[in-house]
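Enquirer:
This is the structure we're talking about:
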């Protein structure tokens, strides 16, 4: 399958899983509506799809949400298999992704540096 088609299929899977989470179709209590599906990487032979999951919640709750998605993987695969017409549907592997929390921490550090830089500049001018 071409790279473009794999990326497009990954986006379709990401959109469908996100919609299922928002509509609370996954009945596992560990799966929160605060979970975010960042991206889906589909293997070339369509045997696996890595689903990267993150959240603004703490790591423990996010990890529980990933475990809930793992236990509901069969239900998610069967539901998506009915919606997406492809010959072979990939097995879903859910992976905890720290990119949102790391990005948020980086923005906070940049803001602190900016504030400290402004304070140092204003302190030099007053003397």
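In the numbering used here, the protein residues as written are 1451 to 1577.
Heads up, the beta-carbon is just placed ideally off N, CA and C, and yes, glycines get one too.
Rounded to whole angstroms, how far is the Cβ of residue 1568 from the Cβ of residue 1542, which I believe are closer than 8 Å?
Expert: Residue 1568 sits at position 118 when you count from the first residue of the chain shown. Residue 1542 sits at position 92 when you count from the first residue of the chain shown. Actually they do not touch by this definition, with Cβ atoms about 47 Å apart.
Enquirer: Answer yes or no: do residue 1465 and residue 1547 have a C-beta to C-beta separation smaller than 8 Å?
Expert: Reading the chain shown from its first residue, position 15 is the one you call residue 1465. Reading the chain shown from its first residue, position 97 is the one you call residue 1547. Going by C-beta atoms, residue 1465 is not nearer than 8 Å to residue 1547.
Enquirer: Are the beta-carbon atoms of residue 1544 and residue 1520 separated by less than 8 Å?
Expert: Sequence index remark: in the chain shown, residue 1544 carries index 94 (1-based). Sequence index remark: in the chain shown, residue 1520 carries index 70 (1-based). In contact: residue 1544 and residue 1520 (Cβ atoms closer than 8 Å).
Enquirer: Specify the secondary structure class of residue 1493 as computed by DSSP and reduced to three states.
Expert: By 1-based counting over the chain shown, the position of residue 1493 is 43. Coil, per DSSP.
Enquirer: At 3 residues or longer, and completely inside the segment 1497-1521: list those beta strand (DSSP E) runs for me, N to C.
Expert: Fully enclosed beta strand (DSSP E) runs of 3 or longer: 1498-1504.
Enquirer: Given this structure, state the Cα-to-Cα distance separating residue 1472 from residue 1563, to the nearest angstrom.
Expert: Against the chain shown, residue 1472 aligns to sequence position 22. Against the chain shown, residue 1563 aligns to sequence position 113. Distance between the alpha carbons of residue 1472 and residue 1563 is about 36 Å.
Enquirer: Does the pairing of the segment 1473-1480 with the segment 1518-1538 give three or more beta-carbon distances under 8 Å?
Expert: Short answer: they touch.
Enquirer: Starting from the C-beta of residue 1462, find all residues in its chain whose C-beta is less than 7 Å away, skip the five residues before and the five after it, and write them out in chain order.
Expert: Against the chain shown, residue 1462 aligns to sequence position 12. The answer, listed in chain order, is 1534.
Enquirer: Under the DSSP definition of a beta bridge, which residues are partnered with residue 1488?
Expert: The count along the chain shown starts at 1 and reaches residue 1488 at position 38. Answer is none; residue 1488 lacks a bridge partner.
Enquirer: In angstroms with no decimal places, state the Cα-to-Cα distance between residue 1560 and residue 1553.
Expert: Residue numbering aside, residue 1560 sits at position 110 when the chain shown is read from its first letter. Residue numbering aside, residue 1553 sits at position 103 when the chain shown is read from its first letter. Approximately 11 Å between the Cα atoms of the pair.
Enquirer: Could you tell me which of 1459, 1479, 1550, 1570 sits nearest to residue 1509, measuring between CA atoms?
Expert: Within the chain shown, numbered from 1, the residue matching residue 1509 stands at position 59. Looking at the Cα atoms, 1550 is the closest of the given residues.
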